[in-house]
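If you use my numbering, the sequence shown corresponds to residues -4 to 909, in order. We put the CB at the ideal spot given by N, CA and C, even for glycine. Accompanying notes for the structure given below.
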Amino acid sequence: MTTTRPVVGRRAIEVLLQAELPKAPDRRLVLVDAAYEARGQETEFGLRIDGRTHWVRVSDQDSVLGITDAWQRHRAEAEPDRADVLVITGQVPADQLGWDLRAHAVRHHPLAVDRADIVKQLFGAADLDTRMAGERWLLDALLEAEPVDGWPRVGAVLTRDRAVRALIAARLGIGDTTSDTLDLDADTLFVWSRNATGPARYAALSAAERDGIGAWLAMTVGFAAPTLLALAADGRGTDALPLGTLASAALSSTAAEAAGFALGTLFGSALASFDALRPFANAATGVVSRWIAQAEGSGPQRGAARDRVLDVLDHADRLAADARLSPLIGADRLLPSGYRARLRALAAVLDGPAAPAETALRELTEHQLSGLYAESTETARTAVRLVRWMRAPLPEVESVAQGVRAHLASSGWADLAVGVLAEGESSRDPAVADAYQRLIGAVRARRSGLDEAFARRLTRWTETACQQAPGGALLIEDVLAQAAAPLARDGGRPLILVLDGMSADVAVQLAGELDRRVWTEVVPKPREGARPARQAAVSMLPSVTRTSRTSLLCGQSAEGGQDRERSGFGTFWKKRHRGAHLFHKGGFEGPPGHRLAPELLQALSTDDIVAVVVNTIDDALDDGREGARGRWSLGDIAKLPDLLNAARDYGRPVLLVSDHGHVLDRTPRGRQQPSAEGVEGARWRTGTPGDGEIAVSGPRVRTSGGRAVLPWREDLRYTARQAGYHGGASLAEVTVPVITLVPSADQIPAGWTLLPIEDIAPGWWRGSDEHTPAASASASDTRTPAGGTRRQKPEPQREGIFEVPGQGSLGERTVRSDPYKAQREFVRLAPADKAVAAVLDALLTAGGKLSPGAVAAAAQAATGKSQRNPERFATVLERLLNIDGYPVLQLVESGRTVQLDKALLVQQFLGEPA
């Protein structure tokens, strides 16, 4: 019976010789009981053993005569000074070889080749995992794939898992052959599939080795591995992750059966069965979801991670389009096409009521790419904000004072939103862009109505308005006295930053970027029952720099240039027994190597009042910066971050103010402006008012005749086209934002209070998913704020939150409870019960979360006592309410939010089940 001999390769021969020749150094013939992989050929190579090079010739023979002839030739051709060795392989049985030949051979008989023993030697192992003995594919692969530097030494036992991991590292390039472990998961395998080299190496393996590696990976990585490897074997490894994503979309679509058939054409023979589709899809979407989370992070690799995700998902969309699968998967939650479909759905309802737009926005933000398409998502969110504003009641302009305050509190935010939409949709979808354009037109028409109503009030008010009779308004010439002087009391040293041309929309952007852990915004205490609000002043008329800025810095109605401003500023503070320094453009920027001018830093180090005029915004109206981008950040304003940092370092409060606002030119290119007489500036002239204009006169109209014609329509101008203009009578130009900041709660002036973050943005901007202002402690607070919504008294008890007839609100019941009274005994300087009850009720009204500022404001509204350090006040509340360490109330989000657990509150203090 003929016995089939095993097949060996060069590496097996080398290992055999390294083991046998040192025991028989004089032998030159080695008989091997195996067939050589290169049948019928002779192979020669050098092999270094024990510091000596042996020249090896391998001859594969199938007859005794062939073996004898090869040996005779070898002896005849061998060089005396060389260690030449002949290795004979073949199919000749040992009992057919004569002793005259065997006498020359190592061990005098053919040597058996045991792959397991060879593998043990290669890994330096004392023993081998018993499961490997019967896996010829694995042993052959380990012999064939040995790295140049050899396999790593493993010690006692070479386990099967260790062997397969080493083989995968060598064959597929996944991991490191020298590592004891291999962190192999679906992420690793899908990353590997995206590089064409790895899948190509896998496809080149024998079928037995592919099957063996695939089975091991299926057990280690999961059932997604076989499908992925099948794609790699077909040369489509780079399609694996996109196809997995498509599979997820198809399986979750309403037309799953039809989508499944379309998928079958994409997978081809790589998909063993449809049962394999679900695990493959789940693994792929899990990988993509984790990649999306990495791309949304803040690390240095964020950009590369984003590109990687979008490359995969765009590829998936292309595959879907080629297979005509796109209509079947619709607005999928993961694919870019799904995001675009949801965005178009939102755009389609912007002309209607707010509710459908809110629903469409929620669906858009639930898409997994909403964070990666952050700019597009924020633009869409801004569009929905404008829909809310459009559908809210429009408050009547009752007076000039109320008009500018309402503009800073609400309609100025609408201007900001229009600026965001005007920049365009980043996806460049024409349907979305057209919807945004229509919305902008509707908002501008509504804003125009506000401007017209304000202009009528302004005309009458201007006739008599002056510092002695401001008509309830904060005049720009009174800003120093009413906003800066309070900060200077008791030795305070405010830094006054005049941002020339800063309109309300720019002011709210800049203030929104401030680090609330460093700066606390403060405002004058409101009247009883009213909410705290930012101050807004009225510019001089026309609203130009020469009059408005000079009046601001002189503290009285004035006009002139820098010299007049400098002298007037010094005089104002001299009357208050304080030194003062005013720095204009070019005077505060530092020389090379300096962030700020040494003269400015020297002034900041003194007890004098310091003011800096920054012209970045006003200059941009001329050079066209705003023509491309309407949004501003702190870093866009020359040296503003440095100035704020310097103020913080010197412990100075900051007054951030402008001299006037501006309007942007959003008229179509080439539009002809109507001719006008008596033109004096871009937005003011003399003569008779026409359509969209008003005539003003009075003490605050700083023109030669005390009269001027000002346009209230933002699309009117009298000079050449620029990016923007000022001088007119629109709310955006006349409103002067006044932002007051202190670096420490200890510096809040008497009669002032902090401004809770919930009271900054209007309700229509925040929407229903964001914090709502704490309810006022006053039951009579039913005024209509600028956003047009009415704040109402909390309703009676719902789900145990508010009032129970005859028992009071939940906050009041809590402070009357025995556990609370007992806990209060252990808290030093505990706040009044009335304050604690008001805080609890405000938190419950707001859904359990408020900023520390809003918590302090709720306590102040109830007691009239100002809480100068909101964070410290919240910490005291924690000690008061957290019995035995249970987190009834806690500071979360790095101290930015106070969170109340209603269930724990009821359980701990009222003994009711949670």
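Annotation: the region 10 to 35 contains the following complete segments of the beta strand (DSSP E) (minimum length 3 residues), in chain order: 24 to 28.
Membership of W211 in the alpha helix (DSSP H) is indicated by the continuous run 202 to 215. Put simply, the backbone Cα of L845 is about 17 Å away from that of R863.
In this structure, L651 is the residue among T360, T566, L651 with its C-alpha nearest to the C-alpha of L482.
P865 has its alpha-carbon roughly 24 Å from the corresponding atom of A641.
The criterion of a C-beta distance shorter than 9 Å is satisfied by G656 and V731. Taking C-beta atoms as the reference points, V605 and I491 count as a pair closer than 9 Å.
Secondary structure of F578 (DSSP, three-state): strand. S264 is classed as exposed because its beta carbon has fewer than 16 other beta carbons within 10 Å across all chains shown. Of the residues assessed, M214 falls on the exposed side of the cut-off, its CB having fewer than 16 other CB atoms within 10 angstroms. Taken through DSSP and simplified to helix, strand or coil, Y720 comes out as strand.
Put simply, of V901, L839, A703 the residue whose alpha carbon is nearest the alpha carbon of E458 is A703. Take A220, set aside five residues on each side of it, and the residues of its chain with a beta-carbon closer than 6 Å to its own are L212, A213, in chain order. For L411, the CB contacts under 7 Å within the same chain, skipping 5 residues up- and downstream, are D500, V503, Q504 in chain order.
Residue pairing of L475 in beta bridges, as defined by DSSP: absent, with no partner found.
Secondary structure of H49 (DSSP, three-state): strand. W568 is not bridged by DSSP to any residue.
Taken atom to atom, the span from the alpha-carbon of E204 to that of L133 is near 7 Å.
For K520, the secondary structure class from DSSP, reduced to helix, strand or coil, is coil. For Q885, the uninterrupted beta strand (DSSP E) run begins and ends at 884 to 887, by DSSP. A19 and V101 have their C-alpha atoms some 7 Å from each other. A distance below 7 Å between beta-carbons, with the five flanking residues on each side excluded, links A671 to the following residues of its chain, in chain order: R680, Y713.
When C-beta atoms of the region 236 to 253 are compared with those of the region 270 to 289, three or more pairs fall below 8 Å, so the two segments count as touching.
Burial is judged here by how many other beta carbons sit within 10 angstroms of a residue's own beta carbon; A375 has at least 16 and is buried. Within its own chain, the residues whose Cβ lies closer than 6 Å to the Cβ of L26, once the five positions on either side in sequence are excluded, are I83, A100, P105, listed in chain order. A Cβ-Cβ distance of about 28 Å is found for the pair E516 and L356, leaving them out of contact under the 8 Å criterion. Here E688 has V704, P706 as same chain residues with Cβ atoms under 6 Å from its own Cβ, once five neighbours each way along the sequence are excluded.
In terms of CA proximity to G723, V533 leads the group D424, V533, G848. Annotated three-state conformation of P732 is strand, per DSSP. Residue environment analysis places Q818 among the buried positions, since at least 16 neighbouring C-beta atoms fall within 10 angstroms of its C-beta.
In this structure, the CA atom of A158 is about 12 Å from the CA atom of R166. Contact between the region 841 to 859 and the region 751 to 758 is established, with three or more Cβ pairs separated by less than 8 Å. By the Cβ rule, the region 397 to 412 counts as touching the region 521 to 536, because three or more pairs are nearer than 8 Å. Within the same chain, and ignoring the five residues on either side of A300 in sequence, the residues whose Cβ sits closer than 7 Å to its Cβ are W286, Q289, A290.
One alpha carbon belongs to W408, the other to V737, and they sit about 24 Å apart. Taking the C-beta atoms as reference points, G333 is found nearer than 9 Å to H362.
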